[in-house]
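*Asks:* Have a look at the structure that comes next, please.
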Ligand SMILES: Cc1ncc(C[n+]2csc(CCOP(=O)(O)OP(=O)(O)O)c2C)c(N)n1
Ligand SMILES: Cc1ncc(C[n+]2csc(CCOP(=O)(O)OP(=O)(O)O)c2C)c(N)n1
Ligand code: SF4
Ligand code: SF4
Ligand code: SF4
Ligand code: SF4
Ligand code: SF4
Ligand code: SF4
Ligand SMILES: [Mg+2]
Ligand SMILES: [Mg+2]
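Chains as they are written, first to last, in my numbering: chain A, 35 to 124; chain B, 35 to 124; chain C, 41 to 218; chain D, 41 to 218; chain E, 35 to 296; chain F, 35 to 296; chain G, 69 to 434; chain H, 69 to 434.
This is the structure we're talking about:
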């Protein structure tokens, strides 16, 4: 699964940044056409939900998605053959 | 002082009867012109307020007056020379 | 023929029930038209209570009482407020236990309260005694109609008592009529 | 001569304050008539913000903007909603840091946001930079009037900064004008 | 001056039914006001609509008989506009807690300096006996012909939770305690509620096996349990009969209040 | 199905300001409803007027966006008329406790079977930042430019006093706990209030030194004290910092309720 | 078989509602309407209906609207002060097109006024008492029988047109007892259901959209904000608002003929009384007492939308006399539609116009 | 010396109130009126006045009435939904003859409608929105300057006639900024005090009793029930009720001339616009743009009581065109008073009538 921010919904509040235990969200730099600065993703494949959601059949952690007040965070199915580089940090 | 029931106000509820420690109020018998049966007074001079209000300069007991929901109970000044027969019960 | 019947007394005497029963008798059992009205208001609590019934063979258009021709009076205050000015042509049925005054018009005295208390054992049926009396006096509804109306208006279990009261009222008047 | 000035951008850029200051300058310090209006509504929160000022030598009768002749645009969305249809005769002052598009009419580009952030150290005065630019471009109010209006509209302690921003805006345009 | 001098003699007797507790409560309130030495010229009685709310009309002070449920909002205006006036509100369970519930909790929250005396007779008396928010479960009223099935407000508990500075409950039987509680309310800066359980023989008693006035008085006498005693029983783990109600002073505190005279 | 499927995708993004906590609360509510297995066809969301009250408009179920303060009265009609429907109300501190206070306490008293989620942001957000009954003392709002001087409602305490079966408080920061609390509310027959302290950066934060969204989140995180811990501290006579607020479950009981499906 | 009763107007009203299938009543007691609620409290539980006494009138009408969205035929009853409190939510019912019946047993106003006496002082309030422009339906009964019939009819109209219908009674008719015939069954129009696939606020030619009952999978959003055909808020689009409000008004006003319900007596008359509610009884009496004279009478059973074409039933009219228990509220409306002099015959205080008073007005107008 | 400001209409309204000596404001926020309250919240405490935000609009008007009885000049401000909620207590103010000013910055209705856009949909509501028969005063400003002036005038009229006075503004004027000149002082009529020895509800020839301010030893009882001259309830006496209501209505209606405040342009015209509030601005523009044509304009600053005699200022009128931001509410009233065709020019949706729209109506009416 792949973590994604829906740029048509995100309002740049950075609440996701505040809650992610893996610090996957970083303050963004670029303003989009609506004047909004989206957070950037730092190696989202570290997110346990990206890695293990399919395996466990349910959302893991999910804090960012739950707190995101604009329903802008989702996990997309990845293209079949896409490789995942997983670096687990301790 | 003389205990009196104002017949233009009394509605015959008998609450005075319920509270007087000296049982000075008795159930009445006669209906008045408004169809109301006033309680009767049984030796009202036994009421401490009748006897001692002037002496103490304030209302004594006064329960009947306070509970009377129709402001029908009052103490009148007695005619100067009127005699009082006081029988204190224990 | 339009009859306007005015009932009055004090709260608790069942003035309104009496009026409703009379109206019911006329409207449901005598095939007449009837309108019953009454005075509402906080004032009605302690003081005088009043209710009126209009009975007519034709439909009743204007439903307010104008000049009653029949009065049923159960208290002195009721008399003063609602009966004192009764016109000479009217007839008044008076509970003589409760009312001191007497009107200028024709009147019938009925000791309804004491009859109810003593003979019937329940003071609350004094109103039904009066009802019997007024029907017997005026024939404003039929005896059969008023009986039926009483029966289906009073609480279950009290039918007998009320019927007795009604008949007592009728009897008291008929006895008087020579 | 009636001028209709339309300001637009997104919430937080001070669009409305800029319009109020312009109206104030005209009405209080240039002896002209002015009406300022703005778009309200929950929609204004995230999205485009709009305010308009009408300035006239004569009393302003009809107070709604019909065809603006001056546009002040501070965001792309603002351009799309409120500036895209600007008529050919109009003039538009654009914050080129924020707006990609360009209109069909005459326009002046001002890097108001970056000037405010970098040169003046406070991005929030970008609106005042734009105000300076629009006054310099159109002369719709006098320089003296706009200065006074800025001074009595901004929070105490920020007068200098805002005046600097205003002048910066004027300067940026005047430099451009050959 | 006696409390009797606070009445408008020309309006007595009241419209109340024989044996209605409202008159007793007014006596107690006027007694408390009188002995405190308040001047009638500076005292304003306010009420909504209901039998209980007719009370101010029988009192010779300036008085405002307002709309149903709104007395506290009107009173707030009076008190904030002229804090030097004393403001006392008479209200009923319907007026205060049904339609007026919002003004009730907000006046408590603001802690507006006034004394509110609620004649809680568990019924809408004036309109002939419909259920109220304090009608006990199972009670028969004209709108609960099969017995009331709704929850019941504890008005005093609500006032405490909403922020009032002083809250007490007594009954129309406890005339001395009631008078003292009102006195405490009048003296406490901020909002004071004195809830008075009161008999309504006509609209409530009649339908609920309390036909005689004395039946309700007996009930009030025998079912009231002093708060302190109740708490002791609870603390000791002893049983408290289900149908008892607490009386006494529930709170007396000193939160910041509005409309307190300078 | 995921909670995201309960949204009306065609209405997103919401009108809410960036960083507004309302969206988070809706996520949690929909998550609870979804995991409980409720069907959207049987679930009705109701609200009054306010930013918070816009929530139902973003949810694909049948929904009733009513008048300011009246949501609970409308919801009562729905629930009593068709108890088999699930009824959830979104409301704000102003909607529920200012203009709507009376319906609030009466819905608690009746214990109508519904779940009420109140986004308490201490302010009227929708109208641009006026004081509300939960605005803290001293806070600056457009109607309290010199700092609020009124008392403050404890909404949860009020609900308990008024008779609700289930009352809990959390914050928009505590998403898991909040979701669980809503779940408990949905499961409890009778009235359930879940009070959620929520950031309003635009109308409240901006004026009260909580300019950044993260400031309020930080505040919510550091000032919440679990009820059990608070009670322990109090019992042990230990001091509790003045500006802490309790979170957790305040009551869960089984009083008779109205509108419970047969 | 029909039942015959000797019944109070208010009770007859409740019976009319029950006969019309009313399954939900929410109310708050107020004189002189309380008997309506009390009768519903006694009867509804026995028919698996719901009676609830709310905390006030605002909540009562709110609960009624909520219940209506579940498909219930829902009603409340009140009098002046309570009616005033309902104004905001009545506007909500109009905007959301919620069928509901509101009974107002009018008493003497303004304010607390005369709680126990009759009036017709709220006729313009029911038409204009909520903010904004809108139209509603109002019926006025002149007898106990009509309390029954017109209450049932109010349901029919409200369900059909999706607009609040008011039974504008008065204390006189509400409190009097007369003979009432209760038929076995009463026909009531049902609200039309929303066709699947149609947007919830897309209306056909008659301007009335189908009804998407809650709990049936429509997933409809209902709001008092200006909304588009999906029901979504769209409160800053001027032309959409205009279109919506025009439709709401038009669907009622364009059906004036369909809804019209009046009784014409002596169409050839030059002097014509126009009445509704209790004062009709005084007019009846006058006409009865003067059989020789040709006096016209237009009696409105539906007052709003006002059937202005009914004035045309009296082509020879030289004066319209309008006895009302108010200061001439419907007379104002009549004045808008005719050049014939309109003479209000107001009566305040709680008692009916005595027939003699009408006779005097008649003479004076000659 | 007078002050000149560039100010919003709503703020100007608050300034007008302050200039008129308003010392008490109770309100509840609602778009688009909130700025009135917010300005009062900032200003009143500095002048030892009282600002209080109440729990709702019902409480707001209640507190205003309470404060007024202590002698304060008291005001509230609201918009449609809040105005609807005030209806019951406004009737109470009428019945008890309590001076008070209510500002309604009208927005699009019905119901929640268009909270941020202008309308004039509450003009009949302010006249008829409470139960029972009564009369009130309503003023409508067409500029920021008039927001100031007419608010002050509303106090003057309300104090003098002891009846609620409504400032019926609209979002357009309320939210626009224009130049405002604030004079040093404003003259406001004071309520006449009750003469000692007179009964509190005994009125002189003008029908207005003296005012017995609370806390001054009058010992007055004030009730919304029908009351006698002592102020005591007397709710079952029909003729007393009649007399009371007639006096309440008469004291306002008989002063129509005294209160009238309108502006006449081109009295010789055959085509005459009648306007009030924001649409007057469109009429101004039209007249300005067509200097050659003689187009009449009657602009009402006081709308209620309606100055029907003002129609006579246009003796040659052949049509009255009435542009309103509603479906023709005041046009209804005009229709009652003239045989000249009255053409409503309604505009819904929140934006003003474009002058071209008026021009079209003008052509069409020729
Ligand atoms: C707005 C409004 N709704 C309803 C009423 C009718 N009404 C008058 S008094 C009353 C209830 C009073 O109950 P309570 O306050 O308990 O007073 P009580 O008569 O029992 O003393 C009601 C519902 C009214 N006057 N106004
Ligand atoms: C009767 C009425 N009064 C006032 C308003 C204006 N109004 C809309 S939302 C609101 C306050 C909302 O506050 P809250 O419930 O806390 O919601 P928030 O916006 O903070 O989420 C007010 C006063 C209204 N719509 N209706
Ligand atoms: S929480 Fe959501 S809206 Fe906020 S920045 Fe992150 S993705 Fe964007
Ligand atoms: S699911 Fe948890 S770990 Fe993964 S990105 Fe979101 S917050 Fe971080
Ligand atoms: S308490 Fe008063 S009213 Fe009752 S019987 Fe005694 S004297 Fe009469
Ligand atoms: S004052 Fe006391 S003792 Fe005397 S009569 Fe009254 S109750 Fe009895
Ligand atoms: S109805 Fe009840 S409360 Fe009202 S006066 Fe009678 S006894 Fe008292
Ligand atoms: S104003 Fe406050 S509550 Fe409303 S959307 Fe913005 S942040 Fe949220
Ligand atoms: Mg009560
Ligand atoms: Mg809020």
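Beta carbons are placed, not taken as given, at the ideal position from N, Cα and C, and that holds for glycine. No experiment lies behind these values; they were computed from the predicted model shown.
#1: Closer than 5 Å is what we want: which residues have a beta carbon that near any heavy atom of ligand 8? List them in chain order.
#2: Tell whether a beta-carbon distance below 7 Å holds between residue 74 of chain H and residue 64 of chain D.
#3: Can you give me the Cβ contacts of residue 167 of chain F inside the same chain, cut-off strictly under 6 Å, excluding the 5 residues immediately before and after it?
#4: Taking any Cβ of chain G, which residues in the segment 196-230 of chain H have a Cβ under 8 Å from it, in chain order?
#5: Grouping DSSP H, G and I as helix and E and B as strand, with all else coil, what is residue 263 of chain H?
#6: Less than 8 Å between the CB atoms is what I'm expecting for residue 42 of chain A and residue 72 of chain A, so what's the real figure, rounded?
#7: Output the distance between the C-alpha atoms of residue 44 of chain D and residue 270 of chain G, rounded to the nearest integer angstrom.
#8: Tell me whether residue 17 of chain B is buried or exposed, calling it buried when 16 or more other Cβ atoms sit within 10 Å of its Cβ.
#9: Could you give the distance in angstroms between the alpha-carbon of residue 305 of chain H and the alpha-carbon of residue 46 of chain C?
#10: Please check if any C-beta of chain F sits within less than 7 Å of the C-beta of residue 94 of chain A.
#11: If you compare alpha carbons, which of H/376, H/113, H/172, H/338 is closest to residue 345 of chain H?
#12: Kindly provide the ranges of any alpha helix (DSSP H) runs that are 4 or more residues long and lie completely inside the segment 114-162 of chain G, ordered along the chain.
#13: Identify which residue in G/148, G/147, G/157 has its Cα closest to the Cα of residue 151 of chain H.
#14: Got a sec? Which residues, its chain only, sit under 6 Å from residue 97 of chain F by beta carbon, not counting five neighbours each side?
#15: Would you mind telling me which residues of chain C sit closer than 9 Å to residue 100 of chain G, beta carbon to beta carbon, in chain order?
#16: Based on Cα-Cα distance, which residue from H/426, H/418, H/113, H/88 lies nearest to residue 251 of chain H?
#17: What residue does the beta strand (DSSP E) around residue 332 of chain H start on, and which one ends it?
#18: For residue 283 of chain F, list the residues DSSP reports as bridge partners.
#19: Assuming the contact rule is C-beta atoms closer than 8 Å, residue 427 of chain H and residue 384 of chain H should be a hit. Round their C-beta distance to whole Å, please.
#20: Looking at the strands, I want to know which residues DSSP matches up with residue 76 of chain D.
#21: Taking 7 Å as the CB-CB cut-off, is residue 371 of chain G touching chain F?
#22: Put residue 211 of chain H into one of helix, strand or coil per three-state DSSP.
#23: When the cut-off is 7 Å and only beta carbons count, does residue 103 of chain A lie next to chain D?
#24: Name the residues in the segment 169-183 of chain H whose C-beta lies less than 7 Å from a C-beta of chain E; which are they?
#25: When the cut-off is 7 Å and only beta carbons count, does residue 81 of chain F lie next to chain G?
#26: Among E/189, E/87, E/115, which one has its Cα closest to the Cα of residue 123 of chain E?
#27: Express the C-alpha separation of residue 115 of chain D and residue 121 of chain D in angstroms, rounding to a whole number.
*Replies:* So, to answer that:
#1: Per the Cβ criterion, the list is F/50, F/51, F/54, F/85, F/159, F/234, F/236, F/237.
#2: Their beta carbons are under 7 Å apart, which means residue 74 of chain H touches residue 64 of chain D by this criterion.
#3: Cβ within range, chain order: 131, 132, 187.
#4: Those residues of the segment 196-230 of chain H that come within reach of chain G (Cβ to Cβ, closer than 8 Å) are 196, 197, 198, 199, 200, 201, 202.
#5: It is coil, neither helix nor strand.
#6: Contact between residue 42 of chain A and residue 72 of chain A fails: their C-beta atoms lie close to 11 Å from each other, not under 8 Å.
#7: Residue 44 of chain D and residue 270 of chain G have their C-alpha atoms some 39 Å from each other.
#8: Residue 17 of chain B falls outside the range modelled here, since chain B spans only 35 to 124, and no answer is possible.
#9: Spanning the two alpha carbons is a distance of roughly 19 Å.
#10: Residue-level contact by beta carbon fails for residue 94 of chain A and chain F, as no gap is shorter than 7 Å.
#11: The shortest C-alpha to C-alpha distance from residue 345 of chain H to any of H/376, H/113, H/172, H/338 is the one to H/172.
#12: Those alpha helix (DSSP H) runs which fall completely within the segment 114-162 of chain G and span 4+ residues are 125-137, 148-153.
#13: If we check each option's Cα against that of residue 151 of chain H, G/157 comes out closest.
#14: So the list reads 79, 90, once near-sequence residues are dropped.
#15: In chain order: 80.
#16: The residue from H/426, H/418, H/113, H/88 with its alpha-carbon nearest to that of residue 251 of chain H is H/88.
#17: Unbroken beta strand (DSSP E) run through residue 332 of chain H: 330-333.
#18: Residue 283 of chain F pairs with F/202.
#19: Between residue 384 of chain H and residue 427 of chain H the Cβ distance is about 20 Å, and since that is not below 8 Å, they are no contact.
#20: Answer is D/93, H/245.
#21: No, residue 371 of chain G does not count as interfacial toward chain F.
#22: Three-state result, residue 211 of chain H: coil.
#23: So, not an interface residue.
#24: Answer set for the segment 169-183 of chain H: empty.
#25: Chain G, which has no Cβ nearer than 7 Å to the Cβ of residue 81 of chain F, makes this no.
#26: If we check each option's Cα against that of residue 123 of chain E, E/87 comes out closest.
#27: About 10 Å.
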